[in-house]
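*Asks:* Letter by letter, the sequence shown follows residues 20 to 427 of this note's numbering.
By construction, the Cβ of each residue, glycine as well, lies at the ideal position given by its N, Cα and C atoms.
Just so we're clear, the structure is a prediction, and the values are computed from it rather than from any experiment.
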Amino acid sequence: MENRERIIVLGGDGFCGWPTSLRLSSEGYDVVIVDNLSRRKIDVELGCESLTPIKPLERRLRRWEELTGRHIDYRALNIADDYEALEQLIQEVRPKAIVHFAEQRAAPYSMKSPRHKRYTVDNNINGTHNVLCAIVESGLDVHLVHLGTMGVYGYGTAGMSIPEGYLTVKVDIDGDDREIEIPYPPHPGSIYHMTKTLDALLFYYYNKNDDIRITDLHQGVVWGTNTEETLMHADLINRFDWEGDYGTVLNRFLVQAAVGHPLTIYGSGGQTRAFIHIRDTVRCISLAIKHPPAKKQRVKIFNQATETHRVRDLADLVARLTGAEVRYYVNPRNEAWDNELVIHNEQFLDLGLNPITLSDGLLQEVIEIASRYADRVDQSKIIADSRWRADIPLDREGTAARREPVAA
Ligand SMILES: NC(=O)c1ccc[n+]([C@@H]2O[C@H](COP(=O)([O-])OP(=O)(O)OC[C@H]3O[C@@H](n4cnc5c(N)ncnc54)[C@H](O)[C@@H]3O)[C@@H](O)[C@H]2O)c1
């Protein structure tokens, strides 16, 4: 038996974690997926399901092994709750790297109610802390690769190109102007984003105190669904979220167009966000694993995003391609009416990433998938019923017509 390098993928049943696990397995790593299937349970809670008919994890893994001869191990484990089992697993597997996707990742879901706020904080912060603590206790030199978000920088206009994690500032030290680098000031826009900024503090501490090698990937909004590996068989198909809480904006618009629902712009549509295709997500993670920070190097931060777009420009693009109507709704979020966003992402480009952009044919591929599975969409779940504050009206009809935000 070959002695291959081992990787633990926390959250390996999810939208990003599943195609990443397959990619790493096909690259020759021995992969162990850890997942408590909480995301599938949230589908049941919300009364909807992935647009694509995803198969049970055991079936996915069996099919992958039949097709490729590669075994992926699976452990059902709640990393936020079951510290001892997590520590034991790390001791047993002795991984080169742990990729950490296992968090509650929807901002609207995190704002639904006190229960959802508390669940998101408990799950995300305890999970991340347990992983760090268990790596230290294992005594092993494990590289932790974490999926963070571009949202940690905030979605106001920064007035500069957003650096990759660290900001150079001039300070007056005893009358002398000096330049120093500081972590970019956190500016979370939801409870979910707040957990990611708190994760960053945990990374800072464990890196400083215990010399853990950590890479934090500040990822943009992911679009698309398939990768080379998930396309190998219908049993390997990836998750595709489309409803109001978990659907990411471009995928949501494409599904709305496919079912004849107006494209739902919340607020002015002047919000600018950073984007990445799921195929680039898996490439970036593979690159991050191959280029760990040196021992004692500070937390390495990449902006894992390839382009930025204004929400209303995306809606116009989808409307042009599909003939869909564009409609404006009261924004349930408490956020800037519009913003500019310019980002640095040279680190991945320097490592050889050749980004997929919206202009590529992949948009057409997503439109085709959205149309193929349109009958799985329950239109009553398209509008988010989560609101950032109780005084923001719920707008199910789209009467906002670009008026100023209620919660400004
Ligand atoms: N999807 C995006 O557009 C996007 C954008 C930026 C950042 N991210 C980040 O990437 C990561 C993965 O996102 P995703 O879209 O794949 O989310 P997802 O919800 O599809 O996947 C997360 C997986 O983690 C599992 N999980 C959650 N809590 C767990 C726990 N306590 N123990 C074990 N398993 C647990 C879930 O069951 C799920 O399978 C998240 O941390 C998210 O913040 C995603």
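Tell me which residue opens and which closes the alpha helix (DSSP H) that Val274 is part of.
*Replies:* Val268 to Val278
*Asks:* Would you tell me roughly how many angstroms separate the C-alpha atoms of Asn145 and Leu340, rounded to the nearest one?
*Replies:* 44 Å
*Asks:* So, using beta-carbon positions, are Leu70 and Ile402 closer together than 9 Å?
*Replies:* no
*Asks:* Suppose the cutoff is 8 Å on Cβ atoms and the five residues either side in sequence are ignored; what does the same chain contact list for Pro202 look like?
*Replies:* Gly184, Tyr185, Leu186, Ala219 and Tyr223
*Asks:* Glu24: which of Trp242, Lys115 and Glu156 sits nearest, CA to CA?
*Replies:* Put simply, of Trp242, Lys115 and Glu156 the residue whose alpha carbon is nearest the alpha carbon of Glu24 is Lys115.
*Asks:* Is the closest heavy atom of ligand 1 to the C-beta of Ile98 under 8 Å?
*Replies:* Taking the Cβ of Ile98 as the reference point, at least one heavy atom of ligand 1 falls within a distance shorter than 8 Å.
*Asks:* List the endpoints of the continuous beta strand (DSSP E) containing Lys227.
*Replies:* Membership of Lys227 in any beta strand (DSSP E) is not indicated; the residue belongs instead to the alpha helix (DSSP H) covering Ile210 to Asp229.
*Asks:* Which same chain residues, not among the five before or five after Leu282, have their C-beta less than 8 Å away from its C-beta?
*Replies:* Phe272, Gln275, Ala276, Ala334, Val337, Ala338, Ala343, Glu344, Val345 and Arg346
*Asks:* Report yes if the C-beta of Ala121 is less than 8 Å from at least one heavy atom of ligand 1; otherwise report no.
*Replies:* Correct: Ala121 has its Cβ closer than 8 Å to ligand 1.
*Asks:* Starting from Arg134 and walking both ways along the alpha helix (DSSP H), at which residues does that stretch end?
*Replies:* Pro133 to Ser157
*Asks:* At what residues does the alpha helix (DSSP H) containing Lys60 begin and finish?
*Replies:* Ser57 to Leu65
*Asks:* Under 8 Å from any heavy atom of ligand 1, does the C-beta of Arg42 make it?
*Replies:* no
*Asks:* Among Pro127, Leu159 and Glu384, which has the Cα closest to the Cα of His296?
*Replies:* Glu384
*Asks:* Which word fits Thr234, buried or exposed, when buried means at least 16 other C-beta atoms lie within 10 angstroms of its C-beta?
*Replies:* buried
*Asks:* For Ile320 versus Val118, is the C-beta distance shorter than 9 Å?
*Replies:* no
*Asks:* Does the Cβ of Gly286 have 16 or more other Cβ atoms within 10 Å, making it buried, or fewer, making it exposed?
*Replies:* buried
*Asks:* Do Lys215 and Thr168 count as a contact pair if the criterion is CB distance below 9 Å?
*Replies:* Yes, they are a contact pair.
*Asks:* Please check the pair Glu156 and Glu106, which I expect to be a contact at CB under 8 Å, by giving their CB distance rounded to whole angstroms.
*Replies:* Their Cβ separation, rounded to whole angstroms, is 6 Å, which keeps Glu156 and Glu106 in contact under 8 Å.
*Asks:* Between the C-alpha atoms of Glu68 and Asp195, what's the straight-line distance to the nearest angstrom?
*Replies:* 59 Å
*Asks:* CA-CA distance, Val241 and Arg329?
*Replies:* 15 Å
*Asks:* Can you determine whether any heavy atom of ligand 1 sits closer than 8 Å to the C-beta of Arg124, and answer yes or no?
*Replies:* Yes; taking the cut-off as 8 Å, the Cβ of Arg124 has a heavy atom of ligand 1 nearer than that.
*Asks:* Write down the C-beta distance between Leu41 and Glu248 rounded to the nearest angstrom, noting that I regard them as a contact closer than 8 Å.
*Replies:* Indeed they touch by this definition, with Cβ atoms about 4 Å apart.
*Asks:* Which same chain residues, not among the five before or five after Ile181, have their C-beta less than 6 Å away from its C-beta?
*Replies:* So the list reads Tyr172 and Ile362, once near-sequence residues are dropped.
*Asks:* Quick check on Gln238: buried or exposed, where buried means 16 or more other Cβ atoms within 10 Å of its Cβ?
*Replies:* buried
*Asks:* Residues in the same chain with beta-carbon distance under 6 Å from Ala293, minus the five sequence neighbours each way, listed in chain order, please.
*Replies:* Within the same chain, Ala293 has close Cβ partners Met169, Gly239, Ala324, Thr327 and Ile362.
*Asks:* Within its chain, find whatever has a CB closer than 7 Å to the CB of Glu46; leave out the 5 residues flanking it on each side and keep chain order.
*Replies:* Ser305
*Asks:* I think Trp37 touches Arg258, with their Cβ atoms under 8 Å apart; what is that distance to the nearest whole Å?
*Replies:* Sure, about 7 Å apart at Cβ, within 8 Å.
*Asks:* Would you identify the three-state DSSP class for Met20, choosing helix, strand or coil?
*Replies:* At Met20, the pLDDT of 43 sits below 50, so the modelled position is not reliable and the matter cannot be decided from this model.
*Asks:* Measuring only the C-alpha atoms, how far is Glu354 from Gly208?
*Replies:* 7 Å
*Asks:* Measuring only the C-alpha atoms, how far is Phe120 from Leu166?
*Replies:* About 6 Å.
*Asks:* Rounded to a whole number of angstroms, what is the C-alpha to C-alpha distance between Thr87 and Cys152?
*Replies:* 35 Å
*Asks:* How big is the Cα-Cα spacing for Asn373 and Ile26?
*Replies:* 24 Å
*Asks:* Just list the alpha helix (DSSP H) runs in the region 70-138, keeping only unbroken ones of 4 residues or longer that don't cross its boundaries, in chain order.
*Replies:* 76-87, 102-112 and 126-129
*Asks:* From the DSSP output, which residues share a beta bridge with Glu428?
*Replies:* In the structure as shown, the chain begins at 20 and stops at 427. Residue 428 is therefore absent and cannot be evaluated.
*Asks:* Mapping the DSSP letters down to three states, classify Gln316 as helix, strand or coil.
*Replies:* coil
*Asks:* Helix, strand or coil: which one does DSSP assign to Thr39?
*Replies:* helix
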